[in-house]
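Notes follow once the structure below has been shown.
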Amino acid sequence: MRGSHMTKYRILVADDEEIILRILSRELKNEGYLVDAVSDGEEACKKVQANRYDAAVLDIRMPKKDGIQVLNHIKSITPETIVVIMTAFGTIDNAVETMKKGAYDYITKPFDNNDLLLKIRQAFTIKEKIGQLVGGADDLDVDLVGESRELARLKEKIQKIKDLDTTVLLTGESGTGKSLVAKVIHQAGNRKEEPFIHINCATLPANLMESELFGHEKGAFTGALESKKGKFELAGKGTIFLDEISTLTPSLQAKLLNVLQEKKMERIGGSRSIAVNARIIAATNEILEDLVRRRVFREDLYYRINVVTLECPPLRYRQEDIEPLARYFLNKINKKLGKNVVNISPEVMCILRNYDWPGNIRELENTLESAIALANGDTLHEDDLPLRISSKVKNQNVLEVQDNRPGMLEIQEIEAIKRVLAKYKGHREKAAQELGISRRTLQYKLKKYDLL
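Numbers 1 to 452, taken from UniProt numbering, label the letters of the sequence shown in order.
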């Protein structure tokens with residue numbers, strides 16, 4: 001074998017042309033990769049459900065499901081999987097469409113097999129280098145971009161818990177980067193060579209979610225035509241990240257509690273006990289204590305997952321991070337869209353810094369992607385921004401000169417919180433209503449100012 005050192009990588013190949021499928025499979029196997037080959041998009045999606053792939057090579061036009069649908073499916077389950085798209089219709093539009101949706105690269109048919117192999121080798125080389133960087137003790141900055149005190153505190157906590165086997169609960173509003181924090185914990189710790197499995201608990205109905213988490217045996221239910229490993233098995237000795245854990249049904253909460261207590265599980269329809277060795281990281285944008293009080297979330301499960309809690313702060317409390325994040329996204333989006341927007345005008349940066357970002361980091365990235373896509377030159381101008389953002393900032397008069405003496409706003413905020421809490425004798429819900437903020441925001445401020 002020419003590349004037996006690469007056998008750790010597993011690749012899915014999907015193409016409805018049998019001769020291409022056969023040749024590609026042979027060439028990739030000769031390079032030392034493990035290869036699964038399928039001839040339609042639906043079969044590709046089934047393979048992705050049952051296995052973890054390091055890369056996928058997909059034809060853009062296939063029966064049942066096309067390459068873009070399969071790409072979307074892959075990215076929803078394992079965002080880190082490298083995807084190369086094959087197309088006989090190699091237009092810029094097709095390329096941009098797949099790259100926007102997360103494809104690493106595309107190649108136009110007919111192609112030289114060596115060109116495709118080179119793309120895959122380069123992708124894995126980059127992936128390995130990033131893994132080495134992120135795995136280092138001082139390399140959390142690779143992914144967690146920013147300079148704020150809040151982010152610095154979060155990084156310090158990650159350093160303390162990255163090698164522990166304890167369960168971690170990530171809290172914070174939608175879009176604050178909980179998924180990214182989970183990945184950083186995994187990549188910085190001693191499990192970084194093992195799989196990282198991300199599952200969004202809100203994406204599937206309960207019966208499908210049970211199979212997704214725990215797997216099933218052949219014949220366990222109608223449609224179970226073959227045995228399937230669940231995410232806990234696929235995670236091995238790595239990390240399983242349960243996003244939006246608050247959406248799990250009571251029955252699934254009970255099964256998860258049993259896994260946490262016993263460190264083992266059974267597939268649906270099976271009787272064999274399977275050891276669970278993965279570290280569990282959970283995330284929620286809800287206040288779980290409230291759900292426990294309302295008997296929506298199990299109290300015993302809450303205490304099991306709430307061993308270590310990391311709060312992901314909202315972007316409006318990390319104003320110092322907005323400019324470095326904007327620069328980071330500028331570079332990332334330019335590569336994604338094939339653009340060359342290298343500058344952000346002072347007016348645009350001022351608007352970005354003063355907008356309150358209810359959608360947090362995700363909203364900032366989406367806003368910049370929209371602006372960069374519309375930009376004509378090499379600089380982002382105010383006209384490139386969505387009107388809802390620039391007009392809201394101007395209406396708030398935030399572009400006017402303000403009193404920026406260090407600590408003045410914080411002092412005023414602390415006094416206001418103390419005054420309203422005293423008025424309502426510590427009742428946080430009433431205090432939050434009077435302050436015009438959510439209870440979660442009040443909780444965050446109490447922690448931030450050490451008022452608990």
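Glycine included, C-beta positions come from ideal geometry on N, C-alpha and C.
From the options, residue whose alpha carbon lies closest to that of residue i
| i | options | result |
| --- | --- | --- |
| Leu-330 | Lys-160, Lys-162, Ile-344 and Arg-149 | Ile-344 |
| Arg-327 | Pro-313, Val-348 and Ile-23 | Val-348 |
| Thr-441 | Arg-298, Thr-167 and Thr-171 | Thr-171 |
| Glu-365 | Glu-323, Val-393, Leu-387 and His-381 | Glu-323 |
| Asn-354 | Val-393, Ala-202 and Phe-297 | Val-393 |
| Ala-103 | Arg-121, Gln-122 and Pro-79 | Pro-79 |
| Pro-386 | Asp-378, Leu-374 and Ala-55 | Leu-374 |
| Asp-105 | Ile-68, His-73, Ile-77 and Ser-76 | Ile-68 |
| Asn-340 | Trp-357, Ala-371, Glu-363 and Cys-312 | Ala-371 |
| Glu-12 | Ala-37, Tyr-33 and Lys-29 | Before going further, note that residue 12 is Leu rather than Glu in the sequence given. It is Ala-37. |
| Glu-413 | Gly-426, Val-276, Tyr-424 and Ile-437 | Ile-437 |
| Ile-20 | Asp-112, Ala-50, Met-265 and Ile-74 | Asp-112 |
| Pro-205 | Leu-248, Ser-179 and Leu-452 | Leu-248 |
Backbone CA spacing between residue i and residue j [nearest angstrom]
| i | j | result |
| --- | --- | --- |
| Thr-176 | Thr-284 | 11 Å |
| Tyr-444 | Glu-27 | 54 Å |
| Ala-14 | Cys-350 | 47 Å |
| Phe-214 | Ser-246 | 18 Å |
| Ile-361 | Val-181 | 13 Å |
| Val-401 | Arg-428 | Reliability of the predicted coordinates at Val-401 is poor, the pLDDT of 37 falling under 50, and the value obtained from them is presented with this limitation in mind. Near 33 Å, if we compare the C-alpha coordinates of Arg-428 and Val-401. |
| Arg-10 | Arg-52 | 8 Å |
| Thr-167 | Lys-255 | 16 Å |
| Lys-162 | Asn-190 | 8 Å |
| Lys-231 | Gly-41 | 22 Å |
| Lys-101 | Leu-71 | 8 Å |
| Glu-31 | Leu-234 | 25 Å |
| Ile-287 | Gly-359 | 18 Å |
| Ser-4 | Leu-24 | Any answer about Ser-4 is weak, because its pLDDT of 45 lies below 50 and its placement is not dependable; what the coordinates show is given next. Going from the Cα of Ser-4 to the Cα of Leu-24 covers about 17 Å. |
| Val-308 | Asp-243 | 16 Å |
| Arg-316 | Lys-229 | 41 Å |
| Arg-279 | Asp-383 | 47 Å |
| Tyr-449 | Gln-319 | 17 Å |
| Glu-415 | Thr-125 | 53 Å |
| Leu-352 | Phe-297 | 37 Å |
| Lys-29 | Glu-212 | 29 Å |
| Asn-200 | Met-209 | 9 Å |
| Glu-18 | Asp-54 | 23 Å |
| Lys-46 | Gln-433 | 48 Å |
| Lys-425 | Arg-293 | 20 Å |
| Ile-74 | His-198 | 11 Å |
| Pro-346 | Arg-153 | 29 Å |
| Ile-305 | Ile-389 | 38 Å |
| Lys-336 | Ile-107 | 16 Å |
Classification of residue i by the beta-carbon crowding that lies within 10 angstroms, buried from 16 upward
| i | result |
| --- | --- |
| Glu-299 | exposed |
| Asp-321 | buried |
| Ser-251 | exposed |
| Glu-391 | Reading the sequence as shown, one finds Ser at residue 391 and not Glu. Its Cβ having fewer than 16 others within 10 Å, Ser-391 is exposed. |
| Pro-195 | buried |
| Tyr-303 | exposed |
| Arg-149 | exposed |
| Val-22 | In the sequence on display, residue 22 carries Arg and not Val. Per the 10 Å Cβ criterion, exposed. |
| Arg-295 | exposed |
| Glu-147 | exposed |
| Arg-267 | buried |
| Ala-44 | buried |
| Pro-110 | exposed |
| Pro-313 | buried |
| Glu-226 | exposed |
| Leu-452 | exposed |
Cβ separation of residue i and residue j, assumed to be a contact under 8 Å, to the nearest whole Å
| i | j | result |
| --- | --- | --- |
| Leu-310 | Lys-157 | 6 Å |
| Leu-333 | Leu-368 | The amino acid at residue 333 is misidentified as Leu; the sequence shows Ile. Rounded, the Cβ-Cβ distance is 6 Å, consistent with contact. |
Proximity test, Cβ basis, 7 Å: residue i and chain B
| i | result |
| --- | --- |
| Leu-28 | Absence of chain B from the displayed structure is noted, only one protein chain being present. |
Is the region 232 to 239 in contact with the region 182 to 202, if contact means three or more CB pairs nearer than 8 Å?
Counting Cβ pairs under 8 Å, three or more are found: they touch.
Could you say if the region 216 to 230 and the region 256 to 264 meet the contact criterion of at least three C-beta pairs nearer than 8 Å?
At 8 Å Cβ cutoff, the stretches do not touch.
Measuring CB atoms only, is the region 49 to 67 touching the region 75 to 86, in the sense that at least three cross pairs come out at less than 8 Å?
Contact between the region 49 to 67 and the region 75 to 86 is present, because at least three Cβ pairs lie under 8 Å.
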